[in-house]
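Numbering follows the working numbering, with no gaps: position 45 of the sequence shown is 440. In what follows, a single structure is set out as structure tokens and then discussed.
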Amino acid sequence: MNATARLYVVRHGRTGGNKQRYLGWEDEALDGTGRAQASAVAAALDDEPIDRVYASPLVRARDTAAPLAAANSIAIE
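This is the structure:
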């Protein structure tokens, strides 16, 4: 059997801290641009078979993963 797996790595969308060039550990949600970026990723991968979505527990990571998981009717792991 010759199976191939694809792994897509996506950085979180923009947060207010990113916009202000704040570097450090802060558990921020995405801003409006970040939410649009997350939706754009889901749309760009619409034709790809997505079986799993993994994200860290940080709000920005889960907010970024949410549209992709929802589009594929799967939970974020």
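Glycine included, C-beta positions come from ideal geometry on N, C-alpha and C.
{"Asked": "Nearest to residue 435 by alpha carbon, out of 471, 472, 462, 470?", "Found": "462"}
{"Asked": "Look up residue 399 in the DSSP assignment and say whether it is helix, strand or coil.", "Found": "coil"}
{"Asked": "Using the C-alpha atoms, what's the distance from residue 453 back to residue 441?", "Found": "24 Å"}
{"Asked": "Please determine, among 458, 455, 443, the residue with the shortest C-alpha to C-alpha distance to residue 402.", "Found": "443"}
{"Asked": "Could you compute how far the alpha carbon of residue 426 sits from the alpha carbon of residue 397?", "Found": "42 Å"}
{"Asked": "Span of the alpha helix (DSSP H) holding residue 458?", "Found": "454-466"}
{"Asked": "Under the assumption that residue 455 contacts residue 469 (Cβ atoms under 8 Å), give the Cβ distance between them as a whole number of angstroms.", "Found": "Going by Cβ atoms, the distance from residue 455 to residue 469 rounds to 20 Å, so no, they are not a contact pair."}
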